[in-house]
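Undergrad: For reference, each letter of the sequence shown is one residue, going 1152 to 1431 in this note's numbering.
Every residue, glycine too, gets a C-beta built ideally from N, C-alpha and C.
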Amino acid sequence: MFDLSGKVAIVTGGAQGVGGGISRVLAQGGAKVLISDIDIDMARYTADQISKDSGIVECIKTDVTSYDDLRRMVEVAMGHWGQLDILVNNAYAAAEGQQGGALEVTEDRWESDIRALVTSVYAGSKYAIPLMMEAGGGSIVNISSVHGFLVAKKALTYETGKAAVIAMTKQMAVDYGPNAIRVNAICPGHIVTERIMENVWKNNPSGLKFFEDQYPVRRTGIPEDIGNAAAFLCSDEASFITGHALPVDGGLTIQLQENFGVQQVHYYMDNLDTQMPYKR
Ligand SMILES: NC(=O)c1ccc[n+]([C@@H]2O[C@H](COP(=O)([O-])OP(=O)(O)OC[C@H]3O[C@@H](n4cnc5c(N)ncnc54)[C@H](O)[C@@H]3O)[C@@H](O)[C@H]2O)c1
């Protein structure tokens, strides 16, 4: 476990899923954590669980597509603890309905998806960086995806958004490195969250087994896998690491496709996209 005691962290979308894992692990490391989430009831539930485990945690209702909410989020962290050291830009929820390629994606869908995927990361960081400068430095972790490297069919906005998050990570790392602010991205493989388990795999264990078998480590991820990577990147042990996009994917993206395993996964996911209420 990495020592984050004395640090103040914000985790957007920190109530559940990947963000829930990040909130829990950062708190276990001793960070004071502000869970920022649009679902305030779930945020309170997760905060209660963390408190019972002796973590120091608060929560705030935030919609990361709102500039005002993001401004208020950093002010609230400052109000509680007087400093800000860590921001994890994690929140994202897919809009209802299919995405598609350039021909299918409507102009409105493009604007709203890019706002949720990209603008939220820009704005959260924009408001957090001056406070980190005041604190003498800090660490930003942006949650991208293996979809920032590899492209599934007809998923224009998600793939574009997650690649943009990697580009933004490098840009901010270069720009604010001199201020002792490190910026890294994590690119998760398939993480079985509460929501994905409920919506996709609960009634399809053989589908999950098929999926797991495509991974070199023969398992999919859990939210704590991403939490552990985030804790490392925010720790002093990672003080010489900035501007990187770290795949945390059980080896998925380094596997040669000679047996077409990855294509099979994408084929499977395409079918899920059309047949099930699956949100990537
Ligand atoms: N689960 C995976 O397999 C996976 C893989 C790669 C990347 N990711 C990325 O991880 C991040 C989290 O995904 P997840 O699978 O944990 O999702 P999730 O749906 O399980 O959790 C998302 C959390 O974000 C919150 N949220 C949604 N919209 C929000 C908004 N506008 N403002 C504030 N909070 C909001 C939700 O209430 C929820 O608590 C996303 O950036 C996603 O792209 C997930």
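Which of helix, strand or coil does DSSP assign to P1398?
TA: On the sequence shown, residue 1398 is found 247 positions in, with the first residue counted as 1. Three-state DSSP puts P1398 in a strand.
Undergrad: Can at least three beta-carbon pairs, one atom from the stretch 1343-1359 and one from the stretch 1202-1214, be found at a separation below 8 Å?
TA: no
Undergrad: Compare the C-alpha of R1346 against each of M1193, Q1179 and A1315 and name the closest.
TA: The sequence position of residue 1346 within the sequence shown is 195, counting from 1. Among M1193, Q1179 and A1315, the Cα nearest to that of R1346 is on M1193.
Undergrad: Mapping DSSP to helix, strand and coil, what is P1339?
TA: As a working note, residue 1339 is residue 188 in the sequence shown. P1339 falls in the strand class under three-state DSSP.
Undergrad: Sorted by chain position, which residues of the same chain lie with C-beta nearer than 7 Å to A1166's C-beta, five sequence neighbours on each side aside?
TA: As a first step, residue 1166 is located in the sequence shown; it is residue number 15 there, counting from the start. For A1166, where only same-chain residues beyond five positions count, the Cβ hits under 7 Å are I1186, D1188, D1190, M1193, A1194 and T1197.
Undergrad: Determine the contact status of V1184 and V1208, defining contact as a CB-CB distance below 7 Å.
TA: Translated into positions along the sequence shown, residue 1184 becomes position 33. Translated into positions along the sequence shown, residue 1208 becomes position 57. For V1184 and V1208, yes; Cβs fall inside 7 Å.
Undergrad: Following the continuous alpha helix (DSSP H) through K1313, name the residue where it begins and the one where it ends.
TA: Taking the sequence shown and counting its residues from 1, one reaches residue 1313 at position 162. L1307 to Y1327 is the span of the alpha helix (DSSP H), which, as asked, contains K1313.
Undergrad: Helix, strand or coil for N1293? Go by DSSP, reduced to three states.
TA: Taking the sequence shown and counting its residues from 1, the one referred to as residue 1293 is at position 142. N1293 falls in the strand class under three-state DSSP.
Undergrad: Work out the CA separation of A1336 and T1393 for me, nearest whole Å.
TA: Locating residue 1393 in the sequence shown gives position 242, where the first residue counts as 1. Locating residue 1336 in the sequence shown gives position 185, where the first residue counts as 1. Answer to the nearest angstrom: the Cα atoms are 9 Å apart.
Undergrad: Are the beta-carbon atoms of V1272 and N1241 separated by less than 7 Å?
TA: Indexing the sequence shown from 1 puts residue 1272 at position 121. Indexing the sequence shown from 1 puts residue 1241 at position 90. No. Outside cutoff.
Undergrad: How many Å lie between H1231 and Q1250 at the Cα?
TA: Walking along the sequence shown from the start, residue 1231 turns up at place 80. Walking along the sequence shown from the start, residue 1250 turns up at place 99. Distance between the alpha carbons of H1231 and Q1250 is about 39 Å.
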